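Participant:
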Amino acid sequence: MQGLVKDLTALLGHSQVLSHPEEMLAYANDATHYFKSRVPDAVVFPHTTEDVSKIMKYSFEQVVPVTPRGAGSGLAGGCTPVHGGIVMDLKRMNKIIEIEQNNMTTIVEGGVVLKPFQDMLEKRRLFYPPDPQSASVCTIGGNIATRAGGPRGVKYGTTGNYVTGLEVVLPDGTVINPGGKFVKQSVGYDLTRLMTGSEGTLGVITRA
0 MQGLVKDLTA
10 LLGHSQVLSH
20 PEEMLAYAND
30 ATHYFKSRVP
40 DAVVFPHTTE
50 DVSKIMKYSF
60 EQVVPVTPRG
70 AGSGLAGGCT
80 PVHGGIVMDL
90 KRMNKIIEIE
100 QNNMTTIVEG
110 GVVLKPFQDM
120 LEKRRLFYPP
130 DPQSASVCTI
140 GGNIATRAGG
150 PRGVKYGTTG
160 NYVTGLEVVL
170 PDGTVINPGG
180 KFVKQSVGYD
190 LTRLMTGSEG
200 TLGVITRA
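Mapping to numbering that gives the first Met the number 0: the sequence shown position 204 is 203, numbers consecutive.
#1: Among 122, 87, 26, 163, which has the Cα closest to the Cα of residue 275?
#2: Beta-carbon separation of residue 108 and residue 119 under 9 Å?
#3: Is the region 69–86 close to the region 27–35, with three or more CB pairs under 8 Å?
#4: Rounded to the nearest angstrom, what separates residue 155 and residue 198 at their Cα positions?
#5: Looking at the unbroken beta strand (DSSP E) that takes in residue 108, where does it start and where does it end?
#6: Quick one: give me the first and last residue of the beta strand (DSSP E) that residue 166 is part of.
#7: To the nearest angstrom, report how far apart residue 131 and residue 67 are at their CA atoms.
#8: Hey, out of 44, 110, 204, whose CA is closest to residue 173's CA?
#9: Let me know if residue 142 comes out buried or exposed under the rule of 16 or more other beta-carbons within 10 Å of its beta-carbon.
#10: If you draw a straight line from the alpha carbon of residue 17 to that of residue 41, how long is it in whole angstroms?
#11: Would you kindly report the start and end of the unbroken beta strand (DSSP E) that includes residue 50?
#12: Apart from the five residues just before and just after residue 162, which ones in its own chain have a Cβ nearer than 7 Å to its Cβ?
#13: Under three-state DSSP, which class holds residue 30?
#14: Please state whether DSSP places residue 87 in a helix, a strand or coil.
#15: At the level of alpha carbons, what is the spacing between residue 84 and residue 5?
#16: Look up residue 198 in the DSSP assignment and say whether it is helix, strand or coil.
#17: Just checking my contact of residue 179 with residue 138 at CB under 8 Å: how many whole Å lie between their CB atoms?
#18: Just to confirm the assignment, what range does the beta strand (DSSP E) spanning residue 205 have?
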């Protein structure tokens, strides 16, 4: 474990790596405590997509499991590190990159918290419907990874109905940008839909 922590610290710096067991206890479970697993060997806090890519490339080469984590507000154990390794906490990637009011589109990082984001959009007379129960704490990246929704989903659909494009870091560190600002209407694989609801198993969602 010490070798892993040393390598991650060299990649990211001390402020972006957590390694004390007592500080990592919270990362052994999600909001339920029912799916409690082993404590991870390290927790990392990427600030940029480049950071995520470095972590994924390193873990791929060293065969170290990585568990992406948003707010840890899920109830199904998806963010629990059942095989140990690295937990990647994305909450520091919380920038709102762009809002195009006329086109009714926005670009955000995966760690943006849902409810404050919705409140900001409402001030601009825009409406983003998905309303999971954990809206005050859950992240956009986590919502996309789980295709989250709530009561409004009956009328307006769930998170997946509002995602037109993504930035995703694959297990080997490659960064891909499926989709864009427009709804896909052409032939070929819809990788945006593939990633939406994939529970972090195919890649790390860094922007949408």
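By construction, the Cβ of each residue, glycine as well, lies at the ideal position given by its N, Cα and C atoms.
This one's a predicted model, so the numbers in the text were calculated from it and none came from an experiment.
Facilitator: For this structure:
#1: Within the shown structure, residues of the chain are numbered from 0 to 207, placing residue 275 beyond reach of any answer.
#2: On the sequence shown, residue 108 is found 109 positions in, with the first residue counted as 1. On the sequence shown, residue 119 is found 120 positions in, with the first residue counted as 1. Residue 119 is positioned such that its CB atom lies no closer than 9 Å to that of residue 108.
#3: yes
#4: Against the sequence shown, residue 155 aligns to sequence position 156. Against the sequence shown, residue 198 aligns to sequence position 199. The alpha-carbon of residue 155 is positioned some 22 Å away from that of residue 198.
#5: Within the sequence shown, the letter at position 109 stands for residue 108. Neither: residue 108 is in no beta strand (DSSP E) and is coded neither H nor E.
#6: Within the sequence shown, the letter at position 167 stands for residue 166. Counting along the chain, the beta strand (DSSP E) containing residue 166 begins and ends at 166–168.
#7: Here residue 131 is taken as the residue at index 132 of the sequence shown, counted from 1. Here residue 67 is taken as the residue at index 68 of the sequence shown, counted from 1. If I take the Cα positions, the gap works out to 19 Å.
#8: In the sequence shown, the residue the question calls residue 173 occupies position 174. Residue 204 is the option with its Cα nearest to residue 173.
#9: By 1-based counting over the sequence shown, the position of residue 142 is 143. With 16 or more other Cβ atoms within 10 Å, it is buried.
#10: Position 18 of the sequence shown, counting from 1, holds the residue named residue 17. Position 42 of the sequence shown, counting from 1, holds the residue named residue 41. Roughly 6 Å separates the two Cα atoms.
#11: Numbered from 1 along the sequence shown, position 51 holds the residue referred to as residue 50. Note, residue 50: premise wrong, no beta strand (DSSP E); alpha helix (DSSP H) at 48–61.
#12: Within the sequence shown, the letter at position 163 stands for residue 162. Counting only Cβ-Cβ distances below 7 Å, and skipping sequence neighbours, we find 143, 191, 195, 207.
#13: The residue given as residue 30 occupies position 31 in the sequence shown. Residue 30 sits in coil when the DSSP states are folded into three classes, being neither helix nor strand.
#14: For the purposes of this step, residue 87 is identified with residue 88 of the sequence shown, where counting begins at 1. It is a strand residue.
#15: Here the question's residue 84 lines up with position 85 in the sequence shown. Here the question's residue 5 lines up with position 6 in the sequence shown. About 14 Å.
#16: Along the sequence shown, read from residue 1 onward, the residue named residue 198 stands at position 199. Reduced to three states, the DSSP call for residue 198 is coil.
#17: The residue given as residue 179 occupies position 180 in the sequence shown. The residue given as residue 138 occupies position 139 in the sequence shown. With 8 Å as the limit, residue 179 and residue 138 do not qualify as a contact, their Cβ atoms being about 22 Å apart.
#18: For this step, residue 205 is matched to residue 206 along the sequence shown. Looking at the DSSP string, the run of the beta strand (DSSP E) that includes residue 205 is 203–206.
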